[in-house]
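These protein sequence lines map, in sequence, to chains L and D. So the mapping is simple: my numbering equals the position in the first sequence, first residue as 1, plus 666. Just so it is clear: in the second sequence, position 374 is 356 by my numbering, and no numbers are missing.
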Amino acid sequence: MIAPVTIGLIIFYFYPFFRVIRDSFHNIGAFDRDMGFVGLDNYIGMFKDKEMWQTLANTFEYVIIIVPLSLILAMIIAVLLNAKIKGVSVFRVIYFLPAITMSVAVSMVWRWIFNGDFGILNGILGSFGVPARQWLADKSTAMLCICVVAIWSNVGYYMIILLAGIQGISKGYYEAAEIDGATGLQKFFKITLPLLTPTIFYVVIMLIISTFQTFDGIYLMIGPKSQAIKYTQSVVMYFYRSAFDYSKKGYASAIAVLLFVIIMSLTVFQMKMQKKWVNYD
Amino acid sequence: MKRKLLATILCASMALATLAGCGGNTQTASTDAPAAETKTEEAAPAATEEAAPAEEEAPALEGEIHYAYWSDVLGPYLEECKANFEAANPGVTIVLEPTAWGEYWTKLETAATGGAVADVFQMNGPNIGKYASAGIIVPIDDLVANSDIDLNNYPQAMTDLYTVDGKLYGIAIDYDTIGLWYNKELFDAAGVEYPTEDWTWDDLVAAAEKLTDSSKGVYGMVAGYADQGGFYNTVPMSGGYILNDDKSASGFKDPATRAGIQCWVDLIQKGYSPSQASLTENADYIQFMSGKVAMLYAGDWFAATFVQDADFAKKIDCQYLPKMNGKRVSVIHGKANCISSATKYPEAAWAWVEYLAGKEANEILGKSGAAIPSYKGCADLYFAQFPDYNMGIFADEAENMSIPYPASKTSAEWGDIMWNELIAAYSGDVSVDEACDNIAEQMDALLASE
């Protein structure tokens, strides 16, 4: 009964996992030709590679911008959508739609919105007298564009999760608070937020893991042949370019292993820290 | 406790098993789904063409040949060739597999890695070294020697380009050179005289200045990063070189080479060209076709793309590349068909390649207007498709002023290095000198390892 799942897991998860670790110690050239065991050369090369450091900086920047903003926005919208107003389910659908739209479609449309010469954004800004900018090709704005699109897509999904969390809080607490004369804001910070911490913990972990793995937006909106690529690429994007554009699959495997170690450490760290701030009752 | 032990043992043994097994590709997942069999149109061959001679002596050819290519402008020509070839060789089916240029090489390499690459596929200069050295394609010297093909019918530069380590891997099906395309309407609006045969680079810069009108968002000349369509031509004209004669070192330390690149960066910095950022977002020929730029260095093959827009087609013409230091050269390049070493039908694959290299196929190519056929004497058929344009310049450049396309075994790698370093120079982030220093360092190391 469990054979199909197990076989699938072995072929698509376990085997590639161990294979990538093994490949990171080899020099693999074009057409997957294994050119020999090179020990730690790939890792040492990564340490010396300026582009790798830039990429790590980019990725951390993405995480620092996208995770808090996604969380805060999702939280605000979840609280707002918890209201008992007419048509609230319509709004919930609208906010959730980006989460179920294919990331490829999302990226293509946003790419045209941001396009420097023919895009809508420049068109709208132009009517206010703002000069046109090459949003996606200029390294000072490209990263912002990726963040905007990522937050836009993230908010819907995490909002639903937070909403479910909020609705799981017993109404008794709020009634007690109202009797004591608590304002809306006090209710939020003293009741909702503390009781929501398990959900927030889950959301933060998922956000961090998925943001570290940003790829689609960068590949589709900026592309490997853009001059802004070095300043916007995430670790996964650099992994893709090393493996497929430069045919250095051994080096790419080392990058993948590094990413795994980073995400694993952060997740373990968060798991250990949850005792400090998450309330399970 | 026992479960944990069992799980740990299983994981560890899996790990050991993978580490022990070296190399060995696994999934031969075919990444290229064969294109749905295109309808065999009963394209009536022109009266002058006779059917390709059937292989009377050898047993009838059999097989299904997958043919990969990138340019969809070649579609009509290939379908007619397919129809003719299949009529003459009923046991063979040709499956045409076009892939967009952006993904062609990634897909080809992935397919070759997985052992599922097309039987015959198109190749170009930057990649021939990589595929030949890895043994992905077969040398065709013996096949050519035993056939009716006479290599004198094809440009020598092409035969040299596709010869690696003394072995020939493909015969060019077309050749192309670079010309200066310009938008007559924009020239008229700015009151500038059209480019002439005697133009120099300085004339071009002066015209670009007059043509640039920032209030209308119009620029004089496209000067974004382009190798074949850009500095591969201006570098030799400035007295520099990309590769030295025995391909042991690059020319990027030479000041003359740097001058041939600086001229482009200057155009951007003076504001006569859209910025590199703008050209990254919207390709150079697209900006040319939307009337945002008045001049463009582009190969002859763009004619087929330009005429797809009937209104735009009336506004343009082409001219010789402007001279620099009294010199005028254009890089010459062409596509070739190569046979995969993993093909199951080598005879049928060779027959298809032989047909495409033959006179009949070249004539079909010329008449389709997709590219200049490489077979001697067929080029005029192509030029006749574009009577409104000064297409003769491309043939003249090819015969009298061409330089071979710079390529070596590691072209694919140093092509990336050049792009990586120079794109920063074109964007104004680093100086041309600094970029060229970096290129020289890395490229010379690669060439030394060949």
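Cβ atoms here follow ideal geometry from the backbone N, Cα and C, with glycine treated the same way.
Our two residues, Ala286(D) and Arg699(L), have alpha carbons roughly 39 Å apart in a direct line.
Tyr912(L) has a beta carbon lying within less than 9 Å of a beta carbon in chain D. Residue pairing by DSSP places Gln104(D) opposite Asn319(D) in a beta bridge. Contact annotation: Tyr387(D) and His315(D) have beta-carbon atoms nearer than 9 Å. Under the DSSP assignment, Tyr904(L) falls in the alpha helix (DSSP H) whose first and last residues are Val901 to Tyr906. Asn945(L) is a Cβ neighbour of Thr863(L), given a cutoff of 9 Å. For Asp299(D), the pairing in a beta bridge is given by DSSP as Tyr164(D). Boundaries of the alpha helix (DSSP H) harbouring Val671(L): Ala669 to Leu675, taken from the DSSP string.
Under a criterion of Cβ atoms nearer than 8 Å, the residues of chain L adjacent to Gln258(D) are, in order, Ala803 and Gln893.
Listed along the chain, the chain D residues whose CB falls inside 9 Å of the CB of Asp715(L) amount to none; the nearest CB is some 13 Å away. Counting along the chain, Asp415(D) sits inside no beta strand (DSSP E); it lies in the alpha helix (DSSP H) bounded by residues Val414 to Ala430. For Glu191(D), the enclosing alpha helix (DSSP H) covers residues Trp183 to Leu193.
Separation of Asn344(D) and Asp362(D) (C-alpha to C-alpha, rounded to the nearest whole angstrom) is 11 Å. Secondary structure at Phe368(D): coil, using DSSP grouped into helix, strand and coil.
DSSP lists no beta-bridge partner residue for Ile766(L).
In the DSSP assignment, Val146(D) forms a beta bridge with Lys149(D). Look at Tyr408(D): its C-beta is under 9 Å from a C-beta on chain L.
Secondary structure note for Thr75(D): its beta strand (DSSP E) is the uninterrupted segment Val74 to Pro80. Counting C-beta atoms within 10 angstroms of its own C-beta, Asn66(D) has 16 or more neighbours from the protein chains shown and is therefore classed as buried.
Residue range Gly57 to Ala70 is occupied by the alpha helix (DSSP H) that includes Asn66(D). Between Val146(D) and Ser115(D), the gap from beta carbon to beta carbon is short of 9 Å. For Met718(L), the enclosing alpha helix (DSSP H) stretches over residues Lys716 to Leu746.
Counting C-beta atoms within 10 angstroms of its own C-beta, Gly753(L) has fewer than 16 neighbours from the protein chains shown and is therefore classed as exposed. Annotation for Ala276(D): the continuous beta strand (DSSP E) segment containing it runs Val275 to Gly281.
No Cβ-Cβ contact shorter than 9 Å links Ala798(L) with Ser892(L). Looking only at Asn693(L), Val934(L) and Gly847(L), the smallest Cα-Cα distance to Met701(L) is reached by Asn693(L). Straight through space, the alpha carbons of Ile730(L) and Ile751(L) are spaced by roughly 34 Å.
Residues of chain L with a Cβ closer than 8 Å to the Cβ of Asn106(D) do not exist, since the nearest Cβ in that chain sits about 16 Å away. Annotated as proximal: Leu737(L) and Val869(L), with beta-carbon spacing under 9 Å.
At a cut-off of 9 Å, the C-beta of Asp846(L) has no neighbouring C-beta in chain D. Excluding the 5 residues flanking it on each side, Tyr709(L) has same chain C-beta neighbours closer than 6 Å at Ala920, in chain order. Nearest to Phe691(L) by C-alpha distance, out of Asp707(L), Phe684(L), Lys805(L) and Ser908(L), is Asp707(L). For Thr262(D), the C-beta contacts it makes with chain L under 7 Å involve Ala803, Ser892 and Gln893, in order along the chain. In the DSSP assignment, Gly831(L) falls within the alpha helix (DSSP H) that extends over Lys805 to Gln833. In this model, Thr325(D) and Ile119(D) are separated by some 10 Å (Cα to Cα).
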